[in-house]
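Notes for the one structure printed next.
In our numbering, the protein residues as written are 263 to 916.
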């Protein structure tokens, strides 16, 4: 598991994650005099120790960020190692011991000053793409400073690092390229795939805490998480070839920011089976494989080979599938989800957060999920993924059958309401939600001569309690449609989830006004608070970052072989239970993104408890914590397992 958790006393910090750690300047001690030598020299993971020893290790872990990192890297090489570089924050002792005098300016600036300087420099960048490039460069120079800057300004900078700012960086990857970060697995070089993955492990070992490495019998525990994309469906901008590595890198960073997963234990990967983006591969500067995208059996063998090597080299790692194309995303998830711990954020993440927001909303209205009439406008992969998650919630939480749950949905695509007579034009994911044609006979329609039934018709005849938009059809939820819906329900639940802001189905402020302040709202992009009749209503942002970091953390901590539906649902319920709206009906249906680390603690705890309940946990220490055998609560255990962006002291080993 995490280097800090399993090798450096498996930390359990007593402070809240809302409190930023104070930067320190500890005196660097020679290896023989380190007060932590006796702790760090114990061989094997924590759960192999005797119970009394484990308790002592957990107690000592309250000072996890004071435990030195032991390294033999000195001088310029140290300054060029992002994980270890402190820039002007190196102490006098560290500068002398590691041969840094004369390589950096005399004055010592702590992390707080460095963050202030970096933020000032960032603000001077005139465009979003230059801001993104600045952050990428900082991550490549000083890992702690990058994450501390991001953490201190998370809500402001998230849109630069990830969507929408990352889209331009993905498209221009070959022009912005400076040095490679992440792992590039190309189709023509697939015979060397295992060696390529092993080379990344060797690179990690060179930068790692040497004492921790000495305690490991093998390298199989070096990686906790693999974020992989094949770049076919990137951020709504489509096939971007090798540039998709930017998405893997950004998503990996969000796992660290959101859940404290050690950044050096995450492997960002791009699979390059070619690209059908002719603009990219006809560009002489394009860095990827300049061929049309490989498909069919050859593609499947390519992905299978990657998964197999990952299982052999990193048997405990969670695999996060990101931005795979429509033809492959669900199919690959179905293929591997019962074999390895894996997750597809595009299919499962959006639906999970939407379900959490809906659970909060029905909590406000004091109703059941299975009593709702749900219209999904936009029956693509996102819309169907959300419908599937809500359906699973009805089945798992309220005990109804799949067939009964399917009847609570009316799904609309560009051809209108999904009905059974559409036959072969329905995709596999849509089949379960097709309504019987006879059900629509006699409907009062806006245009009796038109073929099919569209949004206005469905709203008028179904009288939904929930309206979800995933269509990217800007302003599709018109005043007439919203007012028609509001006629038949006291608290209409309206989720315009399409990104970016310009493509949202409605502005939540408009929906709030049209419903006279009664709507319960969640959006895909951030919107300002709504005002009506002197009251302020805060629309929730349905951001996947509220769920997947905690999901990843809980899965990694439990070492579950797979992610069960029960584990997933436990995480969703934990997120829903944190909704401010449950205490104030005018507040948000979801927690604020600025609180994501604390949110992840509770999501991860719920997942770990469910994994233990189902007998899926393979980590003995986690079992003992859950069972109360080590004297610490699970939430505190999880907080202590999280990596913090602070400078730890360095210790030179010859």
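Where a beta carbon is used, it is the ideal one built from N, C-alpha and C, also for glycine.
For residue 605, the three-state DSSP class (helix, strand or coil): In this structure, residue 605 counts as strand in the three-state DSSP scheme.
8 Å Cβ cutoff met for residue 634 and residue 727: Contact: yes.
Supposed close pair residue 488, residue 531 - CB separation, criterion 8 Å: At roughly 6 Å, the Cβ-Cβ gap stays under 8 Å, so residue 488 and residue 531 are in contact.
Residue of 563, 453, 808 and 677 minimising C-alpha distance to residue 619: Comparing Cα-Cα distances from residue 619 to each of 563, 453, 808 and 677, the minimum goes to 808.
Contacting residues, own chain, Cβ-Cβ under 7 Å from residue 512 (five flanking each side not counted): So the list reads 423, 424 and 428, once near-sequence residues are dropped.
Reduced DSSP category for residue 447 - H, G, I as helix; E, B as strand; rest coil: Assigned with DSSP and collapsed to three states, residue 447 falls in strand.
Near the ligand FAD: residue 750 beta-carbon under 7 Å from a heavy atom: Annotation note on the ligand FAD: not contained in the displayed structure, which lists no ligands.
Cut-off 8 Å between Cβ atoms - residues of its own chain near residue 394, not counting five sequence neighbours on either side: Around residue 394: 422, 423, 427, 428, 430 and 431.
Helix, strand or coil at residue 459 [DSSP, three-state]: Residue 459: helix per DSSP, three-state reduction.
With 16 other Cβ atoms within 10 Å as the buried cut-off, status of residue 903: Answer is buried; the Cβ neighbour count reaches 16.
Sheet register partners of residue 678 (DSSP bridge): Residue pairing by DSSP puts residue 678 in a beta bridge opposite 675.
C-alpha gap between residue 831 and residue 655, whole angstroms: The C-alpha of residue 831 lies about 7 Å from the C-alpha of residue 655.
C-beta atoms of residue 782 and residue 623 nearer than 8 Å: In this structure, residue 623 lies closer than 8 Å to residue 782 by Cβ.
CA-to-CA distance, residue 916 to residue 399, given in whole angstroms: Computed Cα separation, rounded: 30 Å.
Beta bridge counterpart(s) of residue 530 as assigned by DSSP: Beta-bridge partners of residue 530 (DSSP): 489.
For residue 919, the three-state DSSP class (helix, strand or coil): Coverage of the chain is limited to positions 263 through 916, which leaves residue 919 absent and any answer about it impossible.
Chain-order list of residues whose beta-carbon lies under 8 Å from that of residue 664 (same chain, five-residue window excluded): Within the same chain, residue 664 has close Cβ partners 653, 657 and 694.
Sequence ranges, alpha helix (DSSP H) only - wholly within the region 688–743, length at least 4: Entirely contained in the region 688–743, the alpha helix (DSSP H) runs reaching 4 residues are, in chain order, 717–724.
Stretch pair the region 735–751 + the region 594–602: three plus CB contacts closer than 8 Å: No, the region 735–751 is not in contact with the region 594–602.
Exposure label - residue 790; buried when at least 16 CB within 10 Å: Classification for residue 790: exposed.
Three-state class that DSSP yields for residue 912 in the structure shown: Residue 912 sits in a strand when the DSSP states are folded into three classes.
Nearest-angstrom Cα separation, counted from residue 549 out to residue 440: Residue 440 and residue 549 have their C-alpha atoms some 12 Å from each other.
Nearest candidate by alpha-carbon position, reference residue 883, set 896, 872, 876 and 793: Among 896, 872, 876 and 793, the Cα nearest to that of residue 883 belongs to 896.
Assigned exposure category for residue 465 - 16 Cβ within 10 Å defines buried: By the Cβ-count criterion, residue 465 is exposed, with fewer than 16 other Cβ atoms from all chains shown falling within 10 Å of its own Cβ.
Meets three-Cβ-pair contact criterion under 8 Å: the region 731–741 and the region 757–766: Counting Cβ pairs under 8 Å, three or more are found: they touch.
Bridge partner(s) assigned by DSSP for residue 784: DSSP lists 802 as partners of residue 784.
Collapsed DSSP secondary structure at residue 228 in the structure displayed: Outside the displayed span of the chain (263 to 916) sits residue 228, for which this structure offers no information.
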